[in-house]
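*Asks:*
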Amino acid sequence: MSELSYKLGRVFYEFKREQDREYKIIVYSLLALIVIVGVYVRALPGLNYGLELYEADPFVVYWQANYIYEHGLLSWYSLTQDNPATHIFWYPWGRDFTHSEYPALPMWEALSYNIVKFTGISFKDWCVIQPLIFTVFTILFVYLSAYELTRGSTLAGLLAAVFYALVPAATGRSIIGFSTKYGIGIMFATLFFYLYILFYKQYSLRGLNVKTTVLLIASSIAFGLLGWSWGGFIYVLGGFTAYLTLLPLISSKDATPRFIILNILILLLTYIVVFGSPAITSMLQISPFKVSGLGMVVLASTLIPLLYSIQYHEYKRMGLRKPIIRLGGYFLILIILVITGVILVYMGKLEIAGRFAWILGLREIASNPIFESVEEHQPALSTMGISGILRSWGTYSDWMFIVSPFLLAVLGALYLIYKGGADRALIAVSFLLAVYAYMNAAYMEVTAATTGLTIAGVFAEVVSSRLIPQESVYAKDKRKRVYARKTSPEIFLVSLIFTVLLLANIALAGYSTYLQMNSVVPSIKAGYTSLPYWTNAWYKAIDAIRNTPPGSVIVAWWDYGYPISVLGDRASVADGSTLNITQIGILGLILTAQNTSEVVQLLRLLDTPVNKTYILVFDVFSFRPTGNNSYDVTPVIPGLMVGLDDIPKS
383 MSELSYKLGR VFYEFKREQD REYKIIVYSL LALIVIVGVY VRALPGLNYG LELYEADPFV
443 VYWQANYIYE HGLLSWYSLT QDNPATHIFW YPWGRDFTHS EYPALPMWEA LSYNIVKFTG
503 ISFKDWCVIQ PLIFTVFTIL FVYLSAYELT RGSTLAGLLA AVFYALVPAA TGRSIIGFST
563 KYGIGIMFAT LFFYLYILFY KQYSLRGLNV KTTVLLIASS IAFGLLGWSW GGFIYVLGGF
623 TAYLTLLPLI SSKDATPRFI ILNILILLLT YIVVFGSPAI TSMLQISPFK VSGLGMVVLA
683 STLIPLLYSI QYHEYKRMGL RKPIIRLGGY FLILIILVIT GVILVYMGKL EIAGRFAWIL
743 GLREIASNPI FESVEEHQPA LSTMGISGIL RSWGTYSDWM FIVSPFLLAV LGALYLIYKG
803 GADRALIAVS FLLAVYAYMN AAYMEVTAAT TGLTIAGVFA EVVSSRLIPQ ESVYAKDKRK
863 RVYARKTSPE IFLVSLIFTV LLLANIALAG YSTYLQMNSV VPSIKAGYTS LPYWTNAWYK
923 AIDAIRNTPP GSVIVAWWDY GYPISVLGDR ASVADGSTLN ITQIGILGLI LTAQNTSEVV
983 QLLRLLDTPV NKTYILVFDV FSFRPTGNNS YDVTPVIPGL MVGLDDIPKS
């Protein structure tokens, strides 16, 4: 086997060296194929059932984009509760979009449509296909990041790309029609990581020069645009802060005062860029400014590694014989600070939003009741189980866990830390922190997958590449036999078995993803049920809503508020983003009321208009298996009619 390994390597490297052009064509062709497959599986619902927005959230993004298209780019900043146009949401108060949404996606959709409208594509359809466009760029950035992290392995890049193309943890939030903050946000997140890797490599080779400065600024802009796009900016910011704080422990040679200052500069420039996203500046509490706000806490925490690095690397200039604090002392300081921070949070002296506390595992801190009640906000293990996590991360069967991208990502993160380098440390720490958050809240899966699938590709390459010797061996081995005698047959065999299982899992899990996507029906076309069948019930409901008198208010379950307001052009009481807990509570009481008089009393609290208030209800069905993959579908409450009921208030 050692002899075979040696010969395979020699053939491969000779081809790569002598047929460089053909080798690159093969690599780029494989990458193009991966991109095409990744886009195709995400496009299946649109190919099968026509273009339509998927789930509920995309409707409100489409509404914002259309408003910008009609009123101008900066009109997005006028979408506050003072703007009458927003009063079809969260009736009667209206919605402040500037502090509850992000401007990047609707602005991009409105601006870019001017470029493509000559093709005849409708504005709505253009919005529907955006996730596919972002997928293309994200796969490319994932490939490039893995390539750079391994210092030039095309195999690592291709494996990372194919993971992102096919793994459900990545495909679920980038399916056609799911035109929300996730697609564009993940694209900017992967772009930021890629640019940071380039920044670090350039700084390591050349120090601070023009190219390094350009890459530093570009990284900051990408990071800031992430804040324009997605609330996940806060989690990436947390990962970046943790990385910088841990840098002296993970890669002490990189933790110099100058390098840490450059990283602090990235944060400061990012803060400047992100000022265009009021929702983020509000979370950071930098606008309006608060000294004890999250933004200042993040900046203050970066002083910890900076002060340590100054006394550690510059102690002679400070007139000291040796550093005051070494790594052991620094580690102890971090432990003390973390414990102190947790105590202050529990004492109420250090403010932290309930949802962030939950993600950090501090579940004793009260959170928004709605946030607490949603299934995806529960720990991943309790909602998905180990098998569910493995499946979501592209593992075809439990017994193939050894080649699961999730396990590869965890092992790969440890490997990157072992290999050293600040860029590798950033990716590894960001992923491990995201995994911790994922274990506390299942919806953090997409954040973990952003870096995790890149790392999985890197570690898969480490194991699979042991099939042949490294290229440098052939340059050193003049007799062409030394390596063959030294190679362990066991290593070759393990690598071979791993590679076969890996490829089999990719193929089987990829086919499973294809079947899953092929059965997806756009939510509104499936009647907002989980059944993979088309129905026009919602379109009929929208027609009925449009035929109600102008100024009517539609009361319905909260997620229904999106299509009611956007497609029906009528005011809804709540939707999936409603922040007013009292409003949600009243809505819940209305929908579970026992009689009409109780409903009328509750509606008065919302000041809904007399003879223009409607309740939209759907039958609740039970699904009983009857064999042969069929179900007996019957109403649980036969007397409850599907449609609109007028509620008079005279």
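Numbering-wise (the numbering used here), the sequence shown opens with residue 383 and increments by one. Glycine is no exception: its CB is placed at the ideal position from the N, C-alpha and C atoms.
I'd like to know whether the C-beta atoms of PRO851 and SER494 end up nearer to each other than 8 Å.
*Replies:* Counting from 1 along the sequence shown, the entry for residue 851 is found at position 469. Counting from 1 along the sequence shown, the entry for residue 494 is found at position 112. No.
*Asks:* Note down, one range per segment and in chain order, each alpha helix (DSSP H) of at least 4 residues found wholly within the segment 666-733.
*Replies:* Counting only runs of 4 or more, we get 676-695, 709-729.
*Asks:* Please classify ALA830: does DSSP put it in a helix, a strand, or coil?
*Replies:* What you label residue 830 is simply residue 448 of the sequence shown in a count that begins at 1. In the structure shown, ALA830 sits in a helix (DSSP, three-state: H, G or I).
*Asks:* Does DSSP put ALA414 in a helix, in a strand, or in coil?
*Replies:* Along the sequence shown, one-based indexing puts residue 414 at 32. ALA414: helix per DSSP, three-state reduction.
*Asks:* What does a CB cutoff of less than 6 Å around GLU400 pick up in its chain, not counting 5 residues either side in sequence?
*Replies:* Counting from one through the sequence shown, the residue named residue 400 turns up at place 18. Once the five neighbours on either side are set aside, GLU400 has no close Cβ partner at all.
*Asks:* Could you give the distance in angstroms between the alpha-carbon of ILE721 and the alpha-carbon of ASP464?
*Replies:* Counted from its first residue, the sequence shown places residue 721 at position 339. Counted from its first residue, the sequence shown places residue 464 at position 82. Taking the straight line from one Cα to the other gives about 44 Å.
*Asks:* Pick helix, strand or coil for ALA866, following the three-state DSSP scheme.
*Replies:* Residue 866 sits at position 484 when you count from the first residue of the sequence shown. A caution first: ALA866 carries a pLDDT of 48, below 50, which makes its placement in the model unreliable, though a value can still be read off. DSSP places ALA866 in helix when its eight states are reduced to three.
*Asks:* Going by DSSP, what residues sit across from VAL937 in a beta bridge?
*Replies:* Against the sequence shown, residue 937 aligns to sequence position 555. Answer is ILE997, bridged to VAL937.
*Asks:* Hey, out of ASP951, GLY454, GLY428, whose CA is closest to ILE558's CA?
*Replies:* Within the sequence shown, the letter at position 176 stands for residue 558. Checking every option, the nearest Cα to that of ILE558 belongs to GLY428.
*Asks:* Between ILE470 and LEU651, what straight-line distance do the alpha-carbon atoms span, to the nearest angstrom?
*Replies:* Position 88 of the sequence shown, counted from the start, is the residue given in the question as residue 470. Position 269 of the sequence shown, counted from the start, is the residue given in the question as residue 651. If you take the alpha carbons of ILE470 and LEU651, they lie about 37 Å apart.
*Asks:* Beta-carbon within less than 6 Å of TYR585's beta-carbon, same chain only, minus the 5 sequence neighbours each way: which residues are those?
*Replies:* One-based indexing of the sequence shown puts residue 585 at position 203. So the qualifying residues of the chain are THR594.
*Asks:* Per DSSP, what are the beta-bridge partners of ALA795 in this structure?
*Replies:* Here the question's residue 795 lines up with position 413 in the sequence shown. The partner list for ALA795 (beta bridge, DSSP) is empty, contrary to what the question assumes.
*Asks:* Using 8 Å as the cut-off, can you tell me whether the segment 597-605 makes contact with the segment 548-557, which would need three or more C-beta pairs spanning the two stretches below that distance?
*Replies:* Result no; under three Cβ-Cβ pairs closer than 8 Å.
*Asks:* Could you pull the DSSP bridge partners for SER504 from this structure?
*Replies:* Along the sequence shown, read from residue 1 onward, the residue named residue 504 stands at position 122. SER504 is not bridged to any residue.
*Asks:* Nearest to MET729 by CA position, among LYS704, VAL656, LEU744, LEU526, is which residue?
*Replies:* On the sequence shown, position 347 is the one that residue 729 refers to. Residue LEU744 is the option with its Cα nearest to MET729.
*Asks:* Since VAL968 contacts LEU988 with CB under 8 Å, what's their CB separation in whole angstroms?
*Replies:* Residue numbering aside, residue 968 sits at position 586 when the sequence shown is read from its first letter. Residue numbering aside, residue 988 sits at position 606 when the sequence shown is read from its first letter. The question names Val, yet the displayed sequence has Ile at residue 968. Rounded, the Cβ-Cβ distance is 6 Å, consistent with contact.
*Asks:* Just to confirm, are THR684 and THR623 a CB contact at a threshold of 8 Å?
*Replies:* Position 302 of the sequence shown holds residue 684. Position 241 of the sequence shown holds residue 623. Yes, these two residues count as a Cβ contact at 8 Å.
*Asks:* Nearest-angstrom Cα distance between LEU897 and VAL673?
*Replies:* As a first step, residue 897 must be located in the sequence shown, where it is residue number 515. As a first step, residue 673 must be located in the sequence shown, where it is residue number 291. Whole-angstrom Cα-Cα distance: 52 Å.
*Asks:* Beta-carbon separation of PHE570 and LEU531 under 8 Å?
*Replies:* Position 188 of the sequence shown, counted from the start, is the residue given in the question as residue 570. Position 149 of the sequence shown, counted from the start, is the residue given in the question as residue 531. Result no, Cβ atoms of PHE570 and LEU531 do not sit closer than 8 Å.
*Asks:* Can you tell which of ALA824, ILE648, THR990, ALA542 has its C-alpha closest to the C-alpha of MET766?
*Replies:* Sequence index remark: in the sequence shown, residue 766 carries index 384 (1-based). When each option's Cα is compared against that of MET766, the closest is ALA824.
*Asks:* With a Cβ-Cβ cutoff of 8 Å, do ILE809 and LEU798 count as a contact?
*Replies:* Here residue 809 corresponds to residue number 427 of the sequence shown, with the count starting at 1. Here residue 798 corresponds to residue number 416 of the sequence shown, with the count starting at 1. Yes, Cβ-Cβ distance for ILE809 and LEU798 is below 8 Å.
*Asks:* Starting from the C-beta of PRO914, find all residues in its chain whose C-beta is less than 8 Å away, skip the five residues before and the five after it, and write them out in chain order.
*Replies:* For the purposes of this step, residue 914 is taken as the residue at position 532 of the sequence shown. Correct list, in chain order: SER901, VAL902, VAL903, ALA908.
*Asks:* So, does the segment 446-454 touch the segment 485-492, judging by three or more C-beta pairs under 8 Å?
*Replies:* With the cut-off at 8 Å, the segment 446-454 and the segment 485-492 touch.
*Asks:* On the premise that PRO687 lies in contact with ILE642, defined as a C-beta separation below 8 Å, what is that separation, rounded to the nearest angstrom?
*Replies:* Along the sequence shown, read from residue 1 onward, the residue named residue 642 stands at position 260. Along the sequence shown, read from residue 1 onward, the residue named residue 687 stands at position 305. Correct: roughly 5 Å between the Cβ atoms.
*Asks:* What span of residues does the alpha helix (DSSP H) with VAL442 cover, start to end?
*Replies:* Within the sequence shown, the letter at position 60 stands for residue 442. Looking at the DSSP string, the run of the alpha helix (DSSP H) that includes VAL442 is 439-453.
*Asks:* As a quick exercise: from THR911, PRO932, THR930, pick the residue whose alpha carbon is nearest that of TYR942.
*Replies:* Translated into positions along the sequence shown, residue 942 becomes position 560. For TYR942, the nearest C-alpha among the options comes from THR911.
*Asks:* CA-CA distance, LEU421 and ILE511?
*Replies:* As a working note, residue 421 is residue 39 in the sequence shown. As a working note, residue 511 is residue 129 in the sequence shown. One point to set straight first is that residue 421 is Val, not Leu, in the sequence displayed. Cα to Cα, the separation comes out at about 10 Å.
*Asks:* Which ranges would you report for the alpha helix (DSSP H) in the segment 909-954 if only whole runs of at least 4 residues count?
*Replies:* Qualifying alpha helix (DSSP H) stretches, in chain order: 919-928, 943-948.
*Asks:* Is the CB-CB distance between THR829 and ALA838 below 8 Å?
*Replies:* Start at 1 with the first residue of the sequence shown, and residue 829 comes out as number 447. Start at 1 with the first residue of the sequence shown, and residue 838 comes out as number 456. It is not a contact, given that the beta carbons lie outside the stated cut-off.
*Asks:* Looking at C-beta atoms only, is the number of pairs between the segment 712-726 and the segment 653-668 that lie closer than 8 Å three or more?
*Replies:* Short answer: they don't touch.
*Asks:* Figure out for me which residue from ILE654, TRP508, ALA819, LEU793 has the closest Cα to the Cα of HIS759.
*Replies:* The residue you call residue 759 lines up with position 377 of the sequence shown. Comparing Cα positions, the closest option is ALA819.
*Asks:* Between GLY621 and the rest of its own chain, which residues show a CB-CB distance below 7 Å, the 5 nearest in sequence each way excluded?
*Replies:* The sequence position of residue 621 within the sequence shown is 239, counting from 1. Around GLY621: VAL811, SER812, LEU815, ALA816.
*Asks:* Which whole-angstrom value describes the C-beta separation of PHE880 and SER847, a residue pair presumed to lie in contact below a C-beta threshold of 8 Å?
*Replies:* The residue you call residue 880 lines up with position 498 of the sequence shown. The residue you call residue 847 lines up with position 465 of the sequence shown. Contact doesn't hold; Cβ gap of about 11 Å is too wide.
*Asks:* CB-CB under 8 Å to SER786, same chain, minus the five flanking residues each way: which ones, in chain order?
*Replies:* Position 404 of the sequence shown, counted from the first residue, corresponds to residue 786. If we look at SER786 and ignore the five residues flanking it on each side, its Cβ neighbours are LEU772, TRP775, GLY776, THR777, ASN887.
*Asks:* Just to confirm before moving on: does the CB-CB distance between ALA414 and THR836 stay below 8 Å?
*Replies:* The sequence position of residue 414 within the sequence shown is 32, counting from 1. The sequence position of residue 836 within the sequence shown is 454, counting from 1. Their beta carbons are not under 8 Å apart, which means ALA414 does not touch THR836 by this criterion.
*Asks:* Which of the three DSSP states is assigned to TYR820 in this structure?
*Replies:* As a position in the sequence shown, residue 820 is number 438, starting the count at 1. In the structure shown, TYR820 sits in a helix (DSSP, three-state: H, G or I).
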